[in-house]
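Chains as they are written, first to last, in my numbering: chain A, 2 to 250; chain B, 2 to 250. Worksheet: one structure, shown below.
Number of protein chains: 2
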Amino acid sequence: MQQYFVKGRADELITITDKDTLKHMFSVMRLVDGDEVVLVFEDGIKRLARVVSSSQHQLEMVQELKDDVELPVQVTIASGFPKGDKLEFVAQKATELGASGIWAYPADWSVVKWDGKKLVKKVEKLEKIAQGAAEQSKRNRVPEIQLFEKKTDFLAQLVTFDKVFIAYEESAKAGELAALARELQIVETGQKILFIFGPEGGISPKEIEAFEQAGGISVGLGPRILRTETAPLYALSAVSYAVEMNISN
Amino acid sequence: MQQYFVKGRADELITITDKDTLKHMFSVMRLVDGDEVVLVFEDGIKRLARVVSSSQHQLEMVQELKDDVELPVQVTIASGFPKGDKLEFVAQKATELGASGIWAYPADWSVVKWDGKKLVKKVEKLEKIAQGAAEQSKRNRVPEIQLFEKKTDFLAQLVTFDKVFIAYEESAKAGELAALARELQIVETGQKILFIFGPEGGISPKEIEAFEQAGGISVGLGPRILRTETAPLYALSAVSYAVEMNISN
Numbered sequence: 002m003q004q005y006f007v008k009g010r011a012d013e014l015i016t017i018t019d020k021d022t023l024k025h026m027f028s029v030m031r032l033v034d035g036d037e038v039v040l041v042f043e044d045g046i047k048r049l050a051r052v053v054s055s056s057q058h059q060l061e062m063v064q065e066l067k068d069d070v071e072l073p074v075q076v077t078i079a080s081g082f083p084k085g086d087k088l089e090f091v092a093q094k095a096t097e098l099g100a101s102g103i104w105a106y107p108a109d110w111s112v113v114k115w116d117g118k119k120l121v122k123k124v125e126k127l128e129k130i131a132q133g134a135a136e137q138s139k140r141n142r143v144p145e146i147q148l149f150e151k152k153t154d155f156l157a158q159l160v161t162f163d164k165v166f167i168a169y170e171e172s173a174k175a176g177e178l179a180a181l182a183r184e185l186q187i188v189e190t191g192q193k194i195l196f197i198f199g200p201e202g203g204i205s206p207k208e209i210e211a212f213e214q215a216g217g218i219s220v221g222l223g224p225r226i227l228r229t230e231t232a233p234l235y236a237l238s239a240v241s242y243a244v245e246m247n248i249s250n
Numbered sequence: 002m003q004q005y006f007v008k009g010r011a012d013e014l015i016t017i018t019d020k021d022t023l024k025h026m027f028s029v030m031r032l033v034d035g036d037e038v039v040l041v042f043e044d045g046i047k048r049l050a051r052v053v054s055s056s057q058h059q060l061e062m063v064q065e066l067k068d069d070v071e072l073p074v075q076v077t078i079a080s081g082f083p084k085g086d087k088l089e090f091v092a093q094k095a096t097e098l099g100a101s102g103i104w105a106y107p108a109d110w111s112v113v114k115w116d117g118k119k120l121v122k123k124v125e126k127l128e129k130i131a132q133g134a135a136e137q138s139k140r141n142r143v144p145e146i147q148l149f150e151k152k153t154d155f156l157a158q159l160v161t162f163d164k165v166f167i168a169y170e171e172s173a174k175a176g177e178l179a180a181l182a183r184e185l186q187i188v189e190t191g192q193k194i195l196f197i198f199g200p201e202g203g204i205s206p207k208e209i210e211a212f213e214q215a216g217g218i219s220v221g222l223g224p225r226i227l228r229t230e231t232a233p234l235y236a237l238s239a240v241s242y243a244v245e246m247n248i249s250n
């Protein structure tokens with residue numbers, strides 16, 4: 002069944018006002034009175050809702066649904082600003098794979114320079130992509146998008162996480178493949194995890210030092226060299242496999 | 002260091018003849034006499050090689066390298082023909098993530114129809130993408146590309162695998178999340194694994210039946226709905242995590 006995210010609280014009767022949602026509901030899906038859809042408000046609970054007036058864009062709540070597909074840990078990924086539209090790709094795929102947050106920061110070796118105006122537009126675009134992907138993958142939450150203009154602001158956020166992992170190619174080359182699995186085995190439900198990725202050129206030694214000083218742990222993501230936009234997908238899949246599917250956990 | 006795949010055997014002195022490789026070596030990278038690169042022949046062994054004549058396109062072998070980044074199990078992914086250029090995307094990412102084979106078959110619910118001529122062109126394109134991705138991710142092998150014109154030919158291949166997994170959305174919905182982990186814990190080095198994915202519309206009940214009759218096991222890939230092009234990336238990451246990084250294995 003079609004699912005939509007709606008801002009605000011779940012009242013008994015609600016009126017849809019968001020333009021994109023309206024368009025999808027009544028122009029694309031052509032919903033008529035009596036049709037049912039799933040609405041997800043900011044509380045993350047899915048609710049079966051019924052169209053009571055397609056002309057007034059009103060829906061009434063039918064019942065709460067128990068369905069919760071969120072990862073039991075909150076995973077934020079942070080990419081060094083990558084080239085082109087790679088961040089758009091990462092936002093879509095990371096949303097499908099369960100990310101709570103999709104962040105990016107200006108890394109030492111980022112080729113692109115995004116200033117304030119560009120960043121605002123980029124955030125808007127990524128938010129739309131994340132919402133669309135969250136609806137399609139039937140998430141209970143839309144990931145939070147945050148692009149940092151200054152690296153110091155990003156660094157200041159590291160203390161808010163229970164675990165910070167640095168995806169570091171050199172860790173993989175050094176044969177250190179068990180670090181991530183070792184850490185994921187002791188992660189607890191509800192904990193906040195951050196994965197930091199470099200841009201195409203990688204993470205600079207100075208950045209590694211700063212991330213490690215803030216408590217970050219360098220981990221390898223398998224022995225093969227992954228592109229900057231592929232590494233977050235591996236990390237999220239590994240977390241899902243470790244905490245959602247692994248019978249020994 | 003730049004890596005190239007070369008067809009044939011690793012003789013002491015070789016002449017590069019492949020046009021794309023020549024172009025990259027001598028026009029893009031502008032290699033000169035004495036420069037070193039890594040060459041990988043069909044035996045999958047990486048060799049340090051040195052340019053002895055850039056005008057004659059000759060290189061000599063310097064030494065074998067021990068570096069082997071192949072997955073300890075051989076994983077082939079098989080997608081129901083998807084729309085647009087999704088298979089190109091899957092080929093690139095699955096190569097990075099260690100796939101041995103990248104296959105596709107005409108599924109009941111595939112929207113696209115690819116005939117013989119189109120398939121030949123598609124295979125050529127995918128082979129180039131896989132080779133480029135294998136070079137970039139420093140693989141020892143280029144994944145084998147195979148597109149089946151008839152589903153019966155694909156079905157006939159299932160017996161050649163030690164394990165066949167069917168990525169089935171309904172398994173995830175039914176809360177069956179441990180099946181894949183349970184199976185991956187008993188997989189042995191060198192075994193051949195096949196993952197079957199549906200196209201956008203999913204796998205038809207008739208196909209599920211045929212795959213299961215051929216020994217396929219339905220597995221979920223986490224509780225979230227993954228797009229057809231994202232599911233193979235999850236599967237490959239999970240295999241890597243289970244067999245390469247999980248300390249309990």
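For each residue, glycine too, the CB sits at the ideal point set by N, CA and C.
- Task: Enumerate, from N- to C-terminal direction, the unbroken beta strand (DSSP E) stretches of 3 or more residues contained entirely within the segment 105 to 168 of chain B.
- Result: The qualifying runs are 145 to 148 and 164 to 168.
- Message: Comparing C-alpha positions only, which one of Leu32(A), Arg51(A), Asp12(A) and His58(A) sits nearest to lysine 20(A)?
- Response: Of the candidates Leu32(A), Arg51(A), Asp12(A) and His58(A), the one whose C-alpha sits nearest the C-alpha of lysine 20(A) is His58(A).
- Where does arginine 10(A) sit, in a helix, a strand or coil, going by DSSP? coil
- Task: Would you give the residue range spanned by the alpha helix (DSSP H) that glutamate 37(A) belongs to?
- Result: Looking at the DSSP string, glutamate 37(A) is not in any alpha helix (DSSP H); the run it does join, the beta strand (DSSP E), is 37 to 41.
- Message: So that I know if they touch, is there some Cβ in chain B lying closer than 8 Å to that of glycine 223(A)?
- Response: yes
- Item | Contact list for the segment 50 to 82 of chain B against chain A, Cβ threshold 7 Å | Val70
- Consult DSSP for serine 54(B) and reduce its assignment to one of helix, strand or coil. strand
- For lysine 87(B), does the three-state DSSP call read helix, strand or coil? helix
- Locate the beta strand (DSSP E) running through lysine 207(B), then write down its first and last residues. Unbroken run through lysine 207(B) is the alpha helix (DSSP H), 206 to 214; no beta strand (DSSP E).
- Query: Do three or more CB pairs link the segment 83 to 99 of chain A to the segment 42 to 59 of chain A at distances below 8 Å?
  - Reply: no
- Task: Look at lysine 164(B) and valine 188(B) and say whether their C-beta atoms are less than 8 Å apart.
- Result: In this structure, valine 188(B) lies closer than 8 Å to lysine 164(B) by Cβ.
- Message: For a cutoff of 8 Å on Cβ pairs, would you count arginine 228(B) as touching chain A?
- Response: yes
- Of the residues that make up the segment 114 to 138 of chain A, which ones have a beta carbon closer than 9 Å to any beta carbon in chain B? Ala134, Gln137 and Ser138
- Message: Looking at leucine 98(B): is its Cβ nearer than 8 Å to the Cβ of tyrosine 235(A)?
- Response: yes
- Task: Taking the CB atoms as reference points, tell me whether alanine 239(B) and leucine 181(B) lie closer together than 8 Å.
- Result: yes
- Message: Using DSSP's beta-bridge definition, name the partner residues of glutamate 195(A).
- Response: The sequence shown places leucine at residue 195(A), rather than the glutamate named in the question. For leucine 195(A), which the question treats as bridged, DSSP gives the partners Thr77(A) and Val165(A).
- CB contact below 8 Å: lysine 47(B) versus chain A: no
- Message: Taking the straight line between their C-alpha atoms, what separation do you get for isoleucine 167(A) and aspartate 34(A)?
- Response: The straight-line gap from Cα to Cα measures roughly 51 Å.
- Query: alanine 243(A) and tyrosine 242(B): beta carbons closer than 8 Å?
  - Reply: Between alanine 243(A) and tyrosine 242(B), the C-beta gap is smaller than 8 Å, which places the two residues in contact.
- Under 6 Å Cβ to Cβ from glutamate 145(A), same chain only, skipping five residues before and after it: list those, please. Gly102
- Message: Please classify arginine 31(A) as buried or exposed, where buried requires at least 16 other C-beta atoms within 10 Å of its C-beta.
- Response: exposed
- Message: So for glutamate 71(A), helix, strand or coil by DSSP?
- Response: If DSSP states are grouped into helix, strand and coil, glutamate 71(A) belongs with coil.
- Item | 8 Å Cβ shell around glutamate 245(B) - same chain, five flanking residues per side excluded | Taken in chain order, the residues that qualify are Leu72 and Pro73.
- Message: If contacts are defined as beta-carbon pairs under 8 Å, then leucine 23(B) and isoleucine 15(B) qualify, I think. What distance do you get, rounded to the angstrom?
- Response: The pair is not a contact, with the Cβ atoms about 12 Å apart (cut-off 8 Å).
- Query: Which residues in the same chain as arginine 51(A) place their Cβ atom closer than 6 Å to its Cβ, once the five residues preceding and following it in sequence are excluded?
  - Reply: Glu37, Glu61 and Val63
- The alpha helix (DSSP H) with serine 238(A) in it runs from where to where? 232 to 241
- Query: So what does DSSP say about arginine 48(A), is it helix, strand or coil?
  - Reply: In the three-state scheme derived from DSSP, where H, G and I count as helix and E and B as strand, arginine 48(A) is classed as strand.
- Run down chain B in chain order and give the residues with a C-beta less than 9 Å from the C-beta of serine 101(A). Chain-ordered listing is empty here: chain B has no CB closer than 9 Å to the CB of serine 101(A), the nearest sitting near 13 Å.
- Task: Please name the residue, chosen from Gly133(B), Val112(B), Val121(B) and Lys118(B), that lies closest to isoleucine 204(B) on a Cα-to-Cα basis.
- Result: If we check each option's Cα against that of isoleucine 204(B), Val112(B) comes out closest.
- Task: For chain A, find out if any of its Cβ atoms is closer than 8 Å to the Cβ of methionine 2(B); answer yes or no.
- Result: no
- Give a yes or no on whether the minimum CB-CB distance between serine 205(B) and chain C is below 8 Å. Of the chains in the structure shown, none is chain C; the protein chains are A and B.
- Message: Here's the rule I'm using: 16 or more other beta-carbon atoms within 10 Å means buried, otherwise exposed. How should glutamate 208(A) be labelled?
- Response: buried
- Query: aspartate 69(A) to glutamine 3(A), Cα distance in whole Å?
  - Reply: 16 Å
- Looking at the unbroken beta strand (DSSP E) that takes in glutamate 61(A), where does it start and where does it end? 59 to 65
- Check each candidate in Lys122(B), Gln186(B), Glu201(B) and Arg140(B) and name the one with the smallest Cα separation from tyrosine 169(B). Glu201(B)
- If you draw a straight line from the alpha carbon of phenylalanine 27(B) to that of alanine 134(B), how long is it in whole angstroms? 20 Å
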